[in-house]
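Working notes, beginning with the structure itself.
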Amino acid sequence: MGLNMIVGVPGNARDDCAGMVRADFVAIGELLERAGAGRWTEPDPVGVQVTEFEMGGYSGLHAVRRLAVHLAASGCLPEPLGEDRRASDDPLLRKVYEALPSDPPEPFDHLIHHSDCEGYYVPVDFAHVIVSQKTPGRHLGSSVRLLAEVRRLALALGLPEDLDPDSEEVVDAADSEEPAAEGWQRYGVESYGCLQLLRAAKLSIATGAAIVFA
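Position in the sequence shown (from 1) plus 3 gives the number in this note's numbering.
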């Protein structure tokens, strides 16, 4: 199984999963108002096409987050991961995972402080990740902040954000057993993940629909 990001909720009212998601949106609306982030409701599903974005597995998301924590800590990207290393074992990333979102927020809080298998990003601009048992994954993020954070990471990678993640050059870089000598291709898996996150965040903001991690 891999991590999918979904923008747009299926409109079939008899679908149990869709019903659960819509119940989550009611709770999220209340959390946003309580946090002073303003009102938000998921748009009518009839007007939003359901779109899925594949992250290349949970490890792909952790790999992107590993770059972010090192960039925040030192201003530099770490060396590419070797084949026998997992991003989730990175000591600095593990330390950040064990902490709550900070106050004031760190540069990549919305990217990092979120479940890797469930939960939501909503197209509302709020600075602090909302932590609550009332939302799946316990962390509610902002699509607006996610877009800004991933754009910052893409800039550090030298990654053009209009690249198609399914293009041959991106797929070849992600599948390569040896990292390239320079450029975003050194971080093929991470670049693929960044492009998918960028696309999901942009679509969320454009349509007003949430990103669902599933």
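Just so it is clear, CB atoms sit at the ideal spot from N, CA and C, and this is done for glycine as well. Quantities reported herein were computed from a predicted structural model and do not represent experimental measurements.
Along the stretch 142–214, the alpha helix (DSSP H) occurs as fully enclosed runs of 4 or more residues at 146–160, 171–178, 191–210, listed in sequence order.
Per the C-alpha coordinates, the member of Leu143, His131, Ser207, Phe129 positioned closest to Asp119 is Leu143. In this structure, the alpha-carbon of Gln52 lies about 15 Å from that of Ala204. Of the candidates Ile9, Leu70, Leu103, Val24, the residue whose Cα lies closest to the Cα of Gly191 is Leu70. CA-CA distance, Gly60 to Leu6, rounds to 5 Å. By the CB criterion at 8 Å, Pro108 and Ala130 fall inside the cutoff.
Below 8 Å, enough C-beta pairs join the stretch 197–211 and the stretch 159–170 to call them touching: three or more. Taken in chain order, the complete beta strand (DSSP E) segments of 3 residues or longer contained in the stretch 79–132 are 122–125. Comparing C-alpha distances from Glu101 to each of Val153, His116, Val125 shows the shortest one belongs to His116. For Arg141, the closest C-alpha among the options Ile31, Ile9, Met8, Lys98 is that of Ile31.
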